Amino acid sequence: MAKSSTLEAPVVAPVTKSPVLAVGFGRGFGGKSTLLSEIAWRAQNQGRSAIVADFDARSKTLADLFPDAMVPPTEELPDVKAAFSKLLNRMTKEKTSAVVDFGGGDRFMLEYGRDLMLVEFCARRGIEPVAIYVLGPEVEDLRHCLSIYEAGYFRPERTILVLNEGVIREGKTVVGAFEQTTKHPGFQKMLAGGAKPMLMTRLPCMDLVKGGRQNFYDAAAGLGDEPLDPVEQFMTESWLEDLEAKRQKLGVADWLP
Numbered sequence: 001m002a003k004s005s006t007l008e009a010p011v012v013a014p015v016t017k018s019p020v021l022a023v024g025f026g027r028g029f030g031g032k033s034t035l036l037s038e039i040a041w042r043a044q045n046q047g048r049s050a051i052v053a054d055f056d057a058r059s060k061t062l063a064d065l066f067p068d069a070m071v072p073p074t075e076e077l078p079d080v081k082a083a084f085s086k087l088l089n090r091m092t093k094e095k096t097s098a099v100v101d102f103g104g105g106d107r108f109m110l111e112y113g114r115d116l117m118l119v120e121f122c123a124r125r126g127i128e129p130v131a132i133y134v135l136g137p138e139v140e141d142l143r144h145c146l147s148i149y150e151a152g153y154f155r156p157e158r159t160i161l162v163l164n165e166g167v168i169r170e171g172k173t174v175v176g177a178f179e180q181t182t183k184h185p186g187f188q189k190m191l192a193g194g195a196k197p198m199l200m201t202r203l204p205c206m207d208l209v210k211g212g213r214q215n216f217y218d219a220a221a222g223l224g225d226e227p228l229d230p231v232e233q234f235m236t237e238s239w240l241e242d243l244e245a246k247r248q249k250l251g252v253a254d255w256l257p
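The C-terminal position of the sequence shown is numbered 257 in full-length UniProt numbering, with every residue numbered one higher than the one before it.
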């Protein structure tokens, strides 16, 4: 008997959904690219298309995972700005969502914000902007994200704060590791502004899945040239189910592409 899975997209009547601009922010090695790739694969798994754009100058993780990802021709800021404008034009014309990795993103948003009021642009063009901040336990992770949030150039109503358990040092608990972050006045300010906090739990076999450059949803289903063993499949499936359950509980699942 085939087992049921909450990962399977239910068969429902097509629903018109506005294009979503999901932009990820966070310092390097904090798990941002991991989460953004899951979000892009989630859309695919549920029968929706999303453009993947990788503007991270330091690490082209998304571009490596998605061969069709949009990338700027160079790392120079004018080229990145032009590439992002091209993405927005494509989204508007094709009515298609996008998942974007800006790397740090602070300098880009400061510069681009002088050229275009991005949230206002999205409102006029029928695009739903979503800011996704991925935080490790270091206070510098929060300060980096606050620099973008407080600049005000991209502060959509739909904002998600993701605390990543996967980058906590061994021996520390989630509560202990993130206590300084969650009690910080800046974090509380973001919550007061409507940001939704959630914990992304650690996937024990993350290195194995990422090493095989696998779509998380395919990995959970035992697909691919080198399928995971049943134990790792179960771990991956449970990790995805936990993410989705938290999104549903917070009411942010429909915010994503």
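We put the beta carbon where it would ideally sit given N, CA and C, even for glycine.
Please read these numbers as outputs of a predicted model, since none were measured by experiment.
Starting from the Cα of residue i, find the closest Cα among the options and give me that residue.
{"i": "D101", "options": "L161, Q214, K32, A192", "result": "K32"}
{"i": "R114", "options": "P78, K93, K95, I127", "result": "P78"}
{"i": "K196", "options": "T236, G224, Q44, R158", "result": "R158"}
{"i": "S18", "options": "A69, E120, M91", "result": "M91"}
{"i": "G136", "options": "V130, P129, H144", "result": "H144"}
{"i": "C205", "options": "K172, F178, G193, E237", "result": "E237"}
{"i": "R155", "options": "R169, I168, V130, E94", "result": "V130"}
{"i": "K93", "options": "L118, I127, D106", "result": "I127"}
{"i": "W239", "options": "P257, V209, R213, D225", "result": "V209"}
{"i": "Q44", "options": "S85, T34, S97, D56", "result": "S97"}
According to DSSP, is residue i helix, strand or coil?
{"i": "I127", "result": "coil"}
{"i": "V231", "result": "helix"}
{"i": "D207", "result": "helix"}
{"i": "A98", "result": "strand"}
{"i": "K32", "result": "helix"}
{"i": "G113", "result": "helix"}
{"i": "G171", "result": "coil"}
{"i": "A9", "result": "Annotation note: pLDDT 49 at A9 (below 50); position unreliable, coordinate value reported separately. Three-state result, A9: coil."}
{"i": "V252", "result": "coil"}
{"i": "V80", "result": "helix"}
{"i": "K3", "result": "Residue placement at K3 cannot be trusted, given a pLDDT of 45 that sits under 50; what the coordinates show is reported in the next sentence. Coil at K3, not helix or strand."}
How big is the Cα-Cα spacing for residue i and residue j?
{"i": "T61", "j": "D54", "result": "8 Å"}
{"i": "A9", "j": "D242", "result": "Since pLDDT at A9 reaches only 49, below the 50 mark, its modelled position is unreliable, and no value is offered."}
{"i": "L203", "j": "S147", "result": "29 Å"}
{"i": "residue 274", "j": "G212", "result": "With the chain running from 1 to 257 in the structure shown, residue 274 is simply not present."}
{"i": "A219", "j": "F234", "result": "10 Å"}
{"i": "D229", "j": "G166", "result": "21 Å"}
{"i": "L256", "j": "G103", "result": "19 Å"}
{"i": "Q248", "j": "M190", "result": "20 Å"}
Short of 8 Å in beta carbon distance, which residues of its chain neighbour residue i, apart from the five on each side in sequence? Order them along the chain.
{"i": "V139", "result": "Q180, T181, H184"}
{"i": "K246", "result": "M198, L199"}
{"i": "D141", "result": "G26, R27, G30, L135, T181"}
{"i": "E111", "result": "L77, K81"}
{"i": "S49", "result": "A43, T96, S97"}
What residues in its chain sit with their C-beta under 7 Å from that of residue i, if we drop five residues either side in the sequence?
{"i": "L250", "result": "K196, M198"}
{"i": "Q188", "result": "none"}
{"i": "N164", "result": "G30, G31, V134, L135, G136, M200"}
{"i": "K3", "result": "Note that K3 scores 45 on pLDDT, short of 50, meaning its location in the model is unreliable; the coordinates nonetheless yield the value given after this. If we look at K3 and ignore the five residues flanking it on each side, it has no Cβ neighbours."}
Would you please state the rounded distance, in angstroms, between the beta carbons of residue i and residue j? I believe it to be under 8 Å.
{"i": "F108", "j": "V71", "result": "F108 to V71, Cβ: 14 Å. No contact."}
{"i": "V99", "j": "I39", "result": "5 Å"}
For residue i, which residues in the same chain have their Cβ closer than 6 Å to its Cβ, ignoring the five residues on either side in sequence?
{"i": "I160", "result": "I132, K196, V252"}
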